[in-house]
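Numbering (my numbering), first residue to last: 2 to 422.
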């Protein structure tokens, strides 16, 4: 679930902007590029972070942080088809509001964000997305820290062809996380999360699920800024099945890894090891290797590199058109983002990513689907003020599949003006 051995304040700075950017690449590359937020599937738990925003608006002890983003996006392949591509413009208005209430060493935080998405063509697919989170970060002294949070998201699946339907859904996660420091070298962490994904339409209810996930992690600091970790994770997924068999499953993970606290050069976590999935009624059980890595490295005082890599087992969904290819697939790959400070306010950005999706079951033709997805992008980030920034991106994405109907190439141009007070 979370990876740092301590709960920390993380300022909204250029370092955090880099993290947000690399997460954006992963969202684009790991799923449909038309989705605004992260693709939601079993195993996904929203992050819970107390942030230190820029700005100085107060109402008594409550700190208030309003924000607004205006974005324009062009795509030359809106439906991600191998031929007869349809281009489109997307106009996105994203208001946001965050509230923080410090109480001695504790902090209460509430956040809300909306994405109002309007299309130049195919207006029937106009949509609004909503995100809200309430979070309490409690420090009890003597090394004990507790986080309790609830995250809600209202979203929809993007259309795959003209005449397709957006399937709207609610996703909610309630999570609790406790950490206890034994002196200066050892930290133990336990976490639990309950997640529910619920579609509005009965057409899509086959993709409804609930998940209960628990994990325990032990950290050992063997260098001033470096921790070794061992982690055990368990989850039970309760799917809404149609037919005479159940795809409910139990998941186990036993991983080893390293995590680095922020230094002048390196920060982040890398971990991996054994994963297992046991299905109730079908024989698609798995014993394999999995991993996650999220690292940020400062090459020079002006140049930084963000790198993320993963190997994970993902459950297929009918609303994403994946069920003809089995119940799950392995996704392996990574993304990198290089940022160079050109002037005091302007940063150049180069990004690249590659992911392989290897489906575990053959379709009706007897062939197993396999996709290789490659992305490359260039961009500029211009920070007029601490609270005002402009983002410009060009990105090309190519999906090469052994199923010709799943091939596509997409070119994107993105422009966004963001304000956070």
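Ideal Cβ positions, reconstructed from N, Cα and C, are used throughout, including at glycine.
- In the pairwise beta carbon analysis, the stretch 188-208 is classified as not touching the stretch 64-79: fewer than three pairs are separated by under 8 Å.
- Beta-bridge analysis with DSSP links residue 270 to 260, 295.
- Exposure of residue 379 is indicated by the presence of fewer than 16 other C-beta atoms within 10 angstroms of its C-beta.
- Put simply, the backbone Cα of residue 333 is about 15 Å away from that of residue 402.
- Between residue 75 and residue 414, the C-beta spacing is below 7 Å.
- Non-local beta-carbon contacts of residue 162 in its own chain, meaning distances under 8 Å to residues more than five positions away in sequence, involve 80, 82 in chain order.
- Between residue 261 and residue 273, the C-beta spacing is not below 7 Å.
- Three or more pairs of CB atoms, one per stretch, sit closer than 8 Å, so the stretch 105-121 contacts the stretch 132-144.
- For residue 276, the three-state secondary structure derived from DSSP is strand.
- Burial of residue 278 is indicated by the presence of at least 16 other C-beta atoms within 10 angstroms of its C-beta.
- In terms of CA proximity to residue 227, 186 leads the group 186, 217, 53.
- With distances taken between CA atoms, residue 396 lies nearest to 338 out of 365, 338, 404, 344.
- Minimum Cα-Cα distance from residue 271 among the listed residues 308, 282, 253 corresponds to 308.
- A direct Cα-to-Cα measurement between residue 40 and residue 386 gives close to 32 Å.
- Residue range 187-200 is occupied by the beta strand (DSSP E) that includes residue 198.
- Counting C-beta pairs closer than 8 Å gives three or more between the stretch 146-161 and the stretch 173-180, which meets the contact rule.
- With 16 or more other Cβ atoms inside 10 Å of its own Cβ, residue 134 counts as buried.
- A residue is called buried when at least 16 other Cβ atoms come within 10 angstroms of its Cβ; residue 365 does not meet this threshold and is exposed.
- Secondary structure in the stretch 301-374: no alpha helix (DSSP H) run of 4 residues or longer lies completely within the stretch.
- Where residue 78 is concerned, there is no enclosing beta strand (DSSP E), because DSSP gives it neither an H nor an E.
- Taking 3 residues as the shortest admissible run, the stretch 203-249 contains the following complete beta strand (DSSP E) segments, listed from N- to C-terminal end: 210-224, 227-240.
- The Cβ neighbour count for residue 382, taken over all protein chains shown within 10 Å, is at least 16; the residue is labelled buried.
- A residue is called buried when at least 16 other Cβ atoms come within 10 angstroms of its Cβ; residue 288 does not meet this threshold and is exposed.
- Taking the Cα positions, residue 113 is about 18 Å away from residue 57.
- DSSP, reduced to helix, strand and coil, places residue 45 outside both helices and strands of the structure shown, so it counts as coil.
- Cα atoms of residue 153 and residue 93: separation of roughly 20 Å, rounded to the nearest angstrom.
- Boundaries of the beta strand (DSSP E) around residue 401: 389-402.
- For residue 290, the beta-bridge partners assigned by DSSP are 275.
- Across the structure, residue 304 and residue 240 are spaced so that their CA atoms are roughly 45 Å apart.
- With a cutoff of 7 Å on beta-carbon distance, residue 267 and residue 233 are scored as not near each other.
- Looking at 248, 86, 291, 302, the one whose alpha-carbon comes closest to that of residue 284 is 248.
- The beta carbon of residue 371 is closer than 6 Å to those of 359, 403 in its chain, skipping five residues each way along the sequence.
- The straight-line gap separating the alpha-carbon atoms of residue 203 and residue 300 is approximately 52 Å.
- Residue 101: member of the beta strand (DSSP E) spanning 89-104, first to last residue.
- For residue 121, the closest alpha carbon among the candidates 132, 87, 131, 63 is that of 87.
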